[in-house]
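Read through the structure below, which is laid out as structure tokens, and then see the notes.
In our numbering, the protein residues as written are 187 to 271.
Encoded structure:
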């Protein structure tokens, strides 16, 4: 399990997840110090339960192994930038 940072959780056959991942690529290009770890929801059932993930795509902020904030609605790049900063 991840302890600190940003964790993006997706499902491979999810169209919305694919769009969200493209936006995250742009966000990472804008802020090159930003590192977002990506995980396929199909392979992390224990983490989904522990982090109380309700749906995908999901972007979680983690501090000391605890979720401090979550983003489920990836509206646009500016919205994601505001969330991560």
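Glycine is no exception: its CB is placed at the ideal position from the N, C-alpha and C atoms. Only a predicted model underlies this, so the values are computations on that prediction, with no experimental measurement involved.
Item                                                                                            : Value
Distance between residue 227 and residue 245 (C-alpha atoms, nearest Å)                         : 12 Å
Residues near residue 209 by beta carbon distance below 8 Å, same chain, minus five either side : 260, 262, 263, 266
Which listed residue (202, 229, 219) has its alpha carbon closest to that of residue 187        : 229
Backbone secondary structure at residue 219 - three-state DSSP                                  : coil
Candidates 225, 211, 217: closest to residue 197 by CA position                                 : 225
Reference residue 231, options 241, 201, 215, closest by Cα                                     : 241
Reduced DSSP category for residue 244 - H, G, I as helix; E, B as strand; rest coil             : strand
Terminal residues of the beta strand (DSSP E) in which residue 253 lies                         : 252-257
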